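Novice:
Numbering (this note's numbering), first residue to last: 147 to 519.
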């Protein structure tokens with residue numbers, strides 16, 4: 147029986163299970179939390195073990211989304227920006243830990259495999275942005291790209307929505323911060339270099355591991371480790387302030403790499419560094435635990451116990467002030483190790499200087515002239 151109320155779980159109950167989807171972060175399609183019904187795969191004994199199962203290859207589908215507004219306002223005291231734009235809904239990078247996965251439940255899709263295979267591209271983003279930042283009463287504060295999903299995921303190579311957004315921001319001299327783990331950001335070096343000359347841009351490159359084998363199963367379609375370090379070097383060499391975002395720190399998975407990642411990023415040219423402790427909101431908890439059981443079965447219980455120790459006895463703690471870095475002895479140790487590595491490398495824990503808002507031009511000169519006619 148197919149699910150009639152949402153698109154999150156179209157797997158038939160009589161269908162055989164499959165091995166992990168090739169090149170994907172998860173092969174599961176659990177229903178979103180708003181779904182009224184769900185379906186489950188049931189093993190009927192036809193296949194003897196996982197090695198006999200067919201391996202799924204799931205293509206990526208891009209859906210065009212016509213957004214009604216494009217700038218989101220932030221009320222959280224835990225993030226350093228008030229405004230953000232997400233050019234895409236969903237992310238093909240497939241990071242198993244991604245805290246944005248639950249957002250797919252709002253469009254009746256699964257936070258699991260759907261999140262990384264059914265991507266929504268906001269094709270009218272640049273047009274909406276130009277309208278919103280030139281509206282009467284608009285207050286200029288830096289806009290972040292990449293707060294939820296990566297603005298430089300594979301779909302950007304073809305659709306160029308992020309580039310069109312940057313073109314609008316550059317034209318109006320509007321400051322922007324970028325978070326990415328995609329090397330495609332270097333394609334826009336011409337715009338970023340121009341904006342950096344007026345202190346209008348900074349880029350945070352997310353690095354979670356220096357081990358390519360771990361990267362392949364944890365964030366399968368993100369840029370390679372070396373590509374990200376090269377991205378940092380190239381951005382820095384072109385005068386673009388670059389930050390390391392070590393996110394997330396996962397207990398007993400990548401926490402042993404903290405110092406190595408900080409030092410490698412400092413050698414590549416970052417000027418500051420931040421970290422975020424693993425967050426597992428809503429459906430991400432189940433997906434992450436399943437991933438642990440698949441790839442680290444002997445370590446899974448230890449990982450979840452450490453998470454609970456840092457999350458008030460739970461797998462997730464959404465409280466402001468705690469959700470980014472956790473609490474308790476283990477979380478404190480992570481913080482101290484990170485701070486020491488940052489000091490050893492002579493880095494800052496915050497950007498060198500605030501971005502320039504004084505250069506903002508609310509209206510392009512050409513359009514201003516036309517408005518007088």
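Note that CB positions come from ideal geometry on N, CA and C, so glycine has one too.
In this text, all values refer to a predicted model and were calculated from it rather than measured experimentally.
Return the bridge partner residues of residue 229 from the DSSP annotation.
Specialist: In the DSSP output, where bridge partners are listed per residue, residue 229 has 219, 289.
Novice: Between the alpha carbons of residue 448 and residue 357, how many angstroms are there, rounded?
Specialist: One C-alpha to the other measures close to 21 Å.
Novice: Could you check the C-alpha separation between residue 486 and residue 472 for me, to the nearest Å?
Specialist: Approximately 18 Å, taken between the alpha carbons.
Novice: Kindly indicate which three-state DSSP category residue 421 falls into: helix, strand or coil?
Specialist: It is a strand residue.
Novice: Since residue 404 and residue 395 should fall inside the 8 Å C-beta cutoff, what is the C-beta to C-beta distance between them, to a whole number of angstroms?
Specialist: With a Cβ gap of about 7 Å, residue 404 and residue 395 count as contacting.
Novice: State the start and end residues of the unbroken alpha helix (DSSP H) segment that holds residue 449.
Specialist: Here the alpha helix (DSSP H) through residue 449 covers 446-456.
Novice: In the DSSP output, which residue or residues are listed as bridge partners for residue 390?
Specialist: Its beta-bridge partners are 351, 419.
Novice: Establish whether the CB of residue 257 and some CB of chain D are separated by less than 8 Å.
Specialist: This model lacks chain D altogether; it includes just one protein chain.
Novice: Might you give, ordered along the chain, the residues of its own chain that have their beta carbon closer than 7 Å to the beta carbon of residue 210, omitting 5 neighbours on each side?
Specialist: So the list reads 267, 269, once near-sequence residues are dropped.
Novice: Helix, strand or coil, according to DSSP, for residue 319 in the structure here?
Specialist: Residue 319: coil per DSSP, three-state reduction.
Novice: Smallest Cα separation from residue 450: which of 466, 432, 467, 464?
Specialist: Residue 450 has its Cα closest to that of 432, out of 466, 432, 467, 464.
Novice: How far does the alpha helix (DSSP H) with residue 406 in it extend, from its first residue to its last?
Specialist: Unbroken alpha helix (DSSP H) run through residue 406: 404-414.
Novice: Taking the beta strand (DSSP E) that residue 266 belongs to, which residues open and close that run?
Specialist: Its beta strand (DSSP E) spans residues 264-268.
Novice: Taking C-alpha atoms, which residue in 229, 334, 341, 307 lies nearest to residue 319?
Specialist: Here the closest residue by C-alpha is 341.
Novice: What do you get for residue 172, buried or exposed, if any count of 16 or more other CB atoms within 10 angstroms of its CB means buried?
Specialist: Under this definition residue 172 is a buried residue.
Novice: Leaving out the 5 sequence neighbours to the left and right, which residues in its chain are closer than 7 Å to residue 477 when beta-carbon positions are compared?
Specialist: Within the same chain, residue 477 has close Cβ partners 423, 456, 471.
Novice: Need the endpoints of the beta strand (DSSP E) that residue 211 sits in, please.
Specialist: Here the beta strand (DSSP E) through residue 211 covers 207-211.
Novice: Is DSSP giving residue 395 helix, strand or coil here?
Specialist: It is a strand residue.
Novice: In the DSSP assignment, find the alpha helix (DSSP H) that holds residue 358 and state where it starts and stops.
Specialist: 358-364 is the span of the alpha helix (DSSP H), which, as asked, contains residue 358.
Novice: Between 272, 493, 373, which lies nearest to residue 418 when the distance is taken from Cα to Cα?
Specialist: For residue 418, the nearest C-alpha among the options comes from 493.
Novice: Use the C-beta contact count for residue 262: other C-beta atoms within 10 angstroms, 16 or more gives buried, fewer gives exposed.
Specialist: By the neighbour-count rule (16 or more Cβ atoms within 10 Å), residue 262 is buried.
Novice: Could you compute how far the alpha carbon of residue 216 sits from the alpha carbon of residue 235?
Specialist: Approximately 12 Å between the Cα atoms of the pair.
Novice: Nearest by alpha-carbon distance to residue 309: which of 294, 321, 293, 330 is it?
Specialist: When each option's Cα is compared against that of residue 309, the closest is 330.
Novice: I need the DSSP call for residue 333, collapsed to helix, strand or coil.
Specialist: Helix, per DSSP.
Novice: Within its chain, find whatever has a CB closer than 8 Å to the CB of residue 205; leave out the 5 residues flanking it on each side and keep chain order.
Specialist: These residues qualify, in order along the chain: 263.
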